Amino acid sequence: MSHSIYQWLSFVCIIWLQSFNGTNSDFPAYSSQLKSLLSISQIKLNNLAFASDAGKLLGWFSGVAANYLPLWVVLILGAILGLIGYGVQFLYVVQKISHLSYFQIFMLNILAGNSICWINTVCYTSIIQNFPFHPQVAVGLATSYVGLSAKIYTDIVDVISSDTNSRAKNYLLLNSILPLIVSLVAIPVLLLKDVASDKDGKAYMSVQSGFTIMFFVTIVTGIYSVIGSLGWKKVVESPLYATGLAFLLIVVPLLIPVGLRVGKFVLNWWQTKRDNKICNRSVDSDNVSANSTEDSKEVVIEMKELAEVVAQDSTSVSDDSIGSCTSSSIEEIGVKMMVRRMEFWLYFFIYMFGSTLGLVFMNNLGQIAESRGKSLATTSSLVSLSSAFVFFGRLLPSLLHHFSGNKYTISTTKSIAALMPPISAAFYLLAVNSGIGSLYISTVVIGLCIGSFTSISVSATTELFGTKNFGVNHNIIVGNIPVGSFVFGTCAALLYEKKKKSDHTNICMGAECYRTTFIIWGCVSLLGAILAFVLHLRTRKFYQQQQLR
């Protein structure tokens, strides 16, 4: 198998893995029913969402495992952790297990959250190995599909059963088995690991063309997801058709390696036919005189010598230019030095007050819709819509980078500063308007912003603190996610419990249930916007120097 075909075959498998790996993103779709089944308070339900995020604190285990174990083993271990984490909860909900304490369910959610890290590690490592000259675009494009997970799982649940009382069971069952099934499908591709590179021009053009096709397919997939999330029945007549079309769009990227295989076969056939014609005409060359042949040889030798000299000169110039490009002002900073930098703490709290706060909103989306008197169908639609726009948000930075290169891109800190105000505005809109329209608009805005923020954060970490210690540095930065999830989620849960009109029910109804929470979240994200502006000012000189280079 040629390297280009293997490249894209592995890329398609990674897309499939990412599409089913966002198992924590569908939690809002069944959280209200899970709360009722387990007979727990809003605070305890929030702690279960926090447990899933807390599992990411142990994500570094998967990185260590990837250094010593084959990727397919790491993949299977991650899928098994998810099978246990969600599978045991499913068995308890369907009463196949007689008793599970709240602490045990909490630990199972930590295990399930940690399983995501293992599969992500395999995806990131495989992409970097197979696309060493295009890691930013490849990672951004492939990982954008994790934003579709909630939409895909919701469509499948709608196909399985229309009974609202069984939705939590179905979600837990699918979360446990689908990542394992897709992992088993991906293992044969991982075992075919290729060691070739894409340095040559033909391979480079093949990769560029492949990315262009993939962006087109991905955008079409995202548009379909938005249409399906809004429930346009004239476009999609039934959940079965919707799910079938979603799977078709996920399978379409497989046409790239298939097309490369067919193209290679046609090219080889054409070259063989051309060589045969040249061979038939080569008899005429025997009439060339010996003297002219010798002269030609001398000219060829001289031209070869000249070409070698030019090649050596160009190589030395190329090496010098590469060295000058890589020896930029980016500092390679370790953990101890990083935590002493003001830029680290600014970035840490910006991340917490922006992307993490948006994730907390997504986790509470089920209760927010329920408190406003919306049906489970509306909740599922909101979850699917947020999933679709998180997908678009993750895709957007890679899309701009691929088609514009360095011509029109802006600094990452400026991009982050631009993403923060819309998040704050969305929370204030929810606080002053209790209509369904404001809920849809805010969900779209927050989903788009946190998706873009998550995609940009990888580049921001490398630019601010270097690439040498990226793995450790970025894990410390994303450690804000469980911290913010606990703080902001607990705050929302306490206010929710306080607003309940009766102590005999676990449900709070009315716009007042979350109004104070939205005002607080709006103020927090506004503070994050101010911090982002300060970070931009502190790093402006650095990015100006980068542009001059």
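Under mature numbering (1 follows the signal peptide of the UniProt record, and there is no 0), the residues of the sequence shown are numbered -25 to -1, 1 to 524, in order. Note that CB positions come from ideal geometry on N, CA and C, so glycine has one too. As the structure is a prediction and not an experimental result, all values here were calculated from the model.
- Judged by beta-carbon spacing, A406 lies within the 7 Å limit of R490, meaning their Cβ atoms are closer than that value.
- When secondary structure is reduced to three states using DSSP, L75 falls in the coil class, being assigned neither helix nor strand.
- By the 16-neighbour rule on beta-carbons within 10 angstroms, K10 is buried.
- Under the Cβ criterion (8 Å, minimum of three pairs), the segment 1 to 9 counts as touching the segment 141 to 153.
- Annotation: the continuous alpha helix (DSSP H) that includes F428 extends over I411 to F440.
- C-alpha of L44 to C-alpha of L50: approximately 10 Å in a straight line.
- Straight across, the Cα-Cα distance linking N(-2) with I91 is about 9 Å.
- Per DSSP, N408 lies in no alpha helix (DSSP H) and is assigned neither H nor E.
- Between the segment 321 to 339 and the segment 457 to 471, the count of Cβ pairs shorter than 8 Å is three or higher; the stretches touch.
- In the DSSP assignment, P163 falls within the alpha helix (DSSP H) that extends over R142 to L166.
- The Cβ-Cβ distance between F364 and V419 falls below 7 Å.
- In this chain, M484 is not harboured by any alpha helix (DSSP H), its DSSP state being neither H nor E.
- Here the alpha carbon of H449 sits roughly 14 Å from the alpha carbon of M312.
- Annotation for K19: the continuous alpha helix (DSSP H) segment containing it runs Q17 to A29.
- The continuous alpha helix (DSSP H) containing I59 extends over residues L46 to V68.
- It is roughly 10 Å from the alpha-carbon of H74 to the alpha-carbon of V68.
- Taking 8 Å as the upper bound for CB-CB distance, K126 and S16 are not in contact here, some 29 Å apart.
- A direct Cα-to-Cα measurement between S350 and A161 gives close to 37 Å.
- In this structure V226 is exposed. Its beta-carbon is surrounded by fewer than 16 other beta-carbon atoms within 10 angstroms.
- Setting aside the 5 residues that flank it on each side, S355 is surrounded in the same chain by A4 and T129, each with a C-beta closer than 6 Å to its C-beta; the list follows chain order.
- Each of I156, G203, G333 and N105 was checked against the Cα of V182, and the nearest Cα belongs to N105.
- Here I425 is actually not in contact with C466; their C-beta atoms are around 18 Å apart, not less than 8 Å.
- A straight-line Cα-Cα distance of about 47 Å links F440 and I135.
- Taking each of V121, N89 and L66 in turn and checking the Cα distance to D1, the smallest one comes out for V121.
- Taking one beta carbon from each stretch, the segment 52 to 68 and the segment 76 to 85 have 3 or more pairs nearer than 8 Å; the two touch.
- In the three-state DSSP reduction, K311 falls in the helix class (H, G or I).
- For F319, the uninterrupted alpha helix (DSSP H) segment begins and ends at M317 to Y326.
- By the C-beta density criterion, G309 is exposed, having fewer than 16 other C-beta atoms within 10 angstroms.
- A Cβ-Cβ separation of about 4 Å places S399 in contact with S500 under the 8 Å criterion.
- The three-state secondary structure of V453, taken from DSSP, is coil.
- Shown here for G88: same chain residues with a beta carbon closer than 8 Å to its own, the five before and five after excluded, namely N(-2), A26, S27, D28, A29, G30, K31 and G60 in chain order.
- Rounded to the nearest whole angstrom, the CA to CA distance from T247 to I(-21) is 21 Å.
- A buried status is given to P372, since no fewer than 16 other beta-carbon atoms sit within 10 Å of its beta-carbon.
- Positions of the alpha helix (DSSP H) runs, each at least 4 residues long and wholly inside the segment 348 to 381, are given as 351 to 379 in order along the chain.
- Rounded to whole angstroms, the Cβ separation of T100 and L155 is 19 Å, and the two are not in contact under 8 Å.
- Judged by DSSP in its simplified three-state form, S136 adopts coil rather than helix or strand.
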